[in-house]
Amino acid sequence: MTTLKLHNTKTRKREVFTPIDPNNVRMYVCGPTVYDRAHLGNARPVIVFDVLYRLLRHVYGADHVTYVRNFTDIDDKINARSAQSGRPIGQITDETTQWFLDDMAAVGALEPDHMPRATQYVPQMIAMIEDLIAKGHAYAAEGHVLFAVDSYKAYGALSGRSVDDMIAGARVEVAPYKRNPMDFVLWKPSDADTPGWDSPWGRGRPGWHIECSAMAFDLLGPHFDIHGGGNDLMFPHHENEIAQSCCAHPASGFADVWLHNEMLQVEGKKMSKSLGNFFTVRDLLDQGVPGEVIRFVMLSTHYRKPMDWTQSKREEAEKTLRKWYALAITQDAGAPDDVLIGLLADDLNTAGAITHLHKLAGAGDAAGLRAGLRMLGMMGDLMPEWAAQAAFDLTDYEAFLSDARVTAMETKDFSHVDRIKAMLTHAGVQVKMSKDGVILTPTADFDADKLEVL
RNA sequence: GGCGAGUUGGCGGAGUGGUUACGCAGCGGAUUGCAAAUCCGUGUACAGGAGUUCGAUUCUCCUACUCGCCUCCA
């Protein structure tokens, strides 16, 4: 069996992965808060953990992996969006959830086995909060319930911070009802205009962190294998999840392995609305960037390194995929080879895997290339339309150019041929002329309108 | 200030205690009416300093720089 190694944030080491139960390898990844389109950065963890999901299924069997990714549909950002737009919350979250699923499918992500929504797990959250209060790890105050960080000695272990350091950092919300400034909210009261559920502490809504703890517990149990997410979630979200779950289920240990992907940048800078380089996955798709190109670019950088989205990477990825698909389509996929699996098993070396695909392509191994592409979640059973050679019927132009060329061969006057060629090139058509004839291929820049001058 | 990640050739990006990936671009050649495409060949790198070692880009320490988090942002 393949030995899987993963970099565990908890220990800051690359460790051999040993599943708790090889017949049911369990993974939880923090999903989106559904209030708007997913931006490109949101796609990174989805794609990274999708590769891990595929790898786990490959190693342990498709029926022996349980992957959970939640939808956070209770959140003050959603409430704010509703108040501002006047639209009902349910409408916003339903719509946004579907957008997310559509966009992630477009970048080749498989759907997880379970996609729980926070709104469906409020009773479990309340039960967990009650349990934490009963065990002395939480307290109710002024309609809130707060987690007492002093009650959990290991608080801060994941992110390497001590409570004292964090208080020294001083940017914590101080509230009169908090015993310790670092205590965080498990439950908070809702006014009449805010969504709320009845609870022992009055009508209110859960805090963000308890949502994930409760859903993970309900679907995966108190002790499971892998918990993933972006490294910006490490603190406070994941730290708080650990505190809640470990205190509610002291003997369990929660997740064995913590995986965090690095952030995404755009042309060397953090993506932000103020810099004007903010865009969504849908924006790219609408611009005609194929989902597989997005996926390819994402996978070309190791998940624990900052990944820079640039125009040149996008173009290079598209060029490479076109070339590979043309070769891979000629044969059915075999099984992915051991070298490729070995690379992925080594802490998800997707960049190394792509290099390996370059080698397979260079060797003309169509079946191997196709299997490798499939393993990485690219190229299904059919040639993707965007990469197909004949996206536009150029046969008339081929005949036209070919005739002109035959004439030119006799007259030795190639000026007419050169003019036609220049126009075709200008329209984004690749012109290949050889002894065998003329072949026209549309490129990424193909623009049919520019052909009309002919 | 605290915590963490990173710094590899023109660009992107792996990896390794000794033999200098890979892709793109470049250069040379084959081919071509000219090109393109293709094929063949080819140059350039491990932030700086100290240490460990027979030997370090790879291990340890220090410095510099970059980035992220410390505010319910993946």
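Numbering-wise (the numbering used here), the first sequence opens with residue -18 and increments by one. We put the CB at the ideal spot given by N, CA and C, even for glycine. Please read all numbers here as calculations on a predicted model, not as lab measurements.
Considering only C-alpha positions, which residue in the set the options is nearest to residue i?
| i | options | result |
| --- | --- | --- |
| residue 233 | 248, 197, 16 | 197 |
| residue 226 | 173, 181, 281, 167 | 167 |
| residue 58 | 48, 22, 13, 45 | 13 |
| residue 115 | 27, 228, 65 | 228 |
| residue 265 | 172, 222, 283, 295 | 295 |
| residue 90 | 288, 182, 27, 406 | 27 |
| residue 248 | 331, 305, 3, 21 | 21 |
| residue 31 | 325, 387, 429, 343 | 325 |
| residue 461 | 313, -18, 330 | For residue 461 there is no data in the structure shown, the boundaries of the chain being -18 and 435. |
| residue 161 | 145, 297, 174, 172 | 145 |
| residue 135 | 224, 3, 243, 331 | 224 |
| residue 181 | 311, 111, 308 | 111 |
| residue 311 | 18, 344, 286, 348 | 348 |
| residue 99 | 17, 66, 56 | 56 |
| residue 415 | 404, 387, 406, 84 | 387 |
| residue 61 | 174, 418, 293 | 174 |
| residue 231 | 319, 411, 29, 117 | 117 |
| residue 142 | 84, 217, 121 | 217 |
| residue 121 | 183, 78, 361, 54 | 183 |
| residue 270 | 289, 84, 246 | 84 |
| residue 78 | 65, 54, 268, 377 | 54 |
| residue 80 | 297, 65, 17 | 17 |
Ordered along the chain, which non-local residues of its own chain (more than five positions away) have a Cβ less than 7 Å from that of residue i?
| i | result |
| --- | --- |
| residue 215 | -10, 139, 140, 241 |
| residue 368 | 302, 303, 306 |
| residue 210 | 10, 11, 26, 219, 241 |
| residue 119 | 110, 113, 126, 127, 128, 129, 167 |
| residue 45 | 3, 4, 5, 6 |
| residue 315 | 348, 349, 352 |
| residue 259 | 20, 252, 253 |
Excluding the five sequence neighbours on either side, which residues of its own chain have a C-beta within less than 6 Å of the C-beta of residue i, listed in chain order?
| i | result |
| --- | --- |
| residue 195 | 102, 105, 106, 109 |
| residue 328 | -14, -13, -12, -5 |
| residue 87 | 266, 272 |
| residue 317 | 352, 353, 356 |
| residue 165 | 128, 221 |
| residue 24 | 88, 262 |
| residue 437 | Outside the displayed span of the chain (-18 to 435) sits residue 437, for which this structure offers no information. |
| residue 330 | 324 |
| residue -17 | 40, 322, 326 |
| residue 29 | 242, 284 |
| residue 382 | 401, 419 |
| residue 395 | 389 |
In whole angstroms, what is the alpha-carbon distance linking residue i and residue j?
| i | j | result |
| --- | --- | --- |
| residue -7 | residue 279 | 23 Å |
| residue 359 | residue 15 | 26 Å |
| residue 43 | residue 37 | 8 Å |
| residue 74 | residue 432 | 45 Å |
| residue 276 | residue 282 | 11 Å |
| residue 82 | residue 72 | 16 Å |
| residue 123 | residue 158 | 7 Å |
| residue 176 | residue 130 | 27 Å |
| residue 392 | residue 379 | 20 Å |
| residue 92 | residue 322 | 22 Å |
| residue 469 | residue 337 | In the structure displayed, the chain extends from -18 to 435; residue 469 sits before or after that span and is not available. |
| residue 365 | residue 309 | 12 Å |
| residue -2 | residue 33 | 12 Å |
| residue 250 | residue 257 | 11 Å |
| residue 208 | residue 343 | 37 Å |
| residue 405 | residue 292 | 24 Å |
| residue 334 | residue 19 | 27 Å |
| residue 190 | residue 332 | 33 Å |
| residue 389 | residue 430 | 27 Å |
| residue 235 | residue 179 | 28 Å |
Skipping 5 residues on each side, what residues in its chain have a beta carbon closer than 8 Å to that of residue i?
| i | result |
| --- | --- |
| residue 47 | 5, 6, 7, 8, 94, 95, 200, 201 |
| residue 97 | 49, 51, 52, 196, 199, 200 |
| residue 63 | 69, 70, 73 |
| residue 385 | 397, 398, 401 |
| residue 413 | 419, 420, 421, 422 |
Whole-angstrom Cβ separation of residue i and residue j, contact assumed at under 8 Å?
| i | j | result |
| --- | --- | --- |
| residue 238 | residue 213 | With a Cβ gap of about 19 Å, residue 238 and residue 213 do not count as contacting. |
| residue 170 | residue 185 | 4 Å |
| residue 341 | residue 350 | 5 Å |
| residue 1 | residue 204 | 6 Å |
| residue 444 | residue 244 | Because the chain here runs from -18 to 435, residue 444 falls outside it and cannot be looked at. |
| request: Output the residue ranges of the alpha helix (DSSP H) runs that lie fully inside the region 251 to 307 and measure 4 residues or longer, sorted by chain position. | output: 262 to 267, 272 to 280
| said: Restricting to runs no shorter than 4 residues, where is the alpha helix (DSSP H) found entirely within the region 167 to 204? | reply: 189 to 201
| request: With a floor of 3 residues, list each beta strand (DSSP E) that falls wholly inside the region 97 to 157, ordered by position along the chain. | output: Whole beta strand (DSSP E) segments, 3+ residues: 119 to 122, 125 to 128.
| request: Note down, one range per segment and in chain order, each beta strand (DSSP E) of at least 3 residues found wholly within the region 21 to 70. | output: 46 to 50
| task | For the region 331 to 375, list the alpha helix (DSSP H) runs that are entirely contained and at least 4 residues long, ordered along the chain. | result | 331 to 343, 347 to 356
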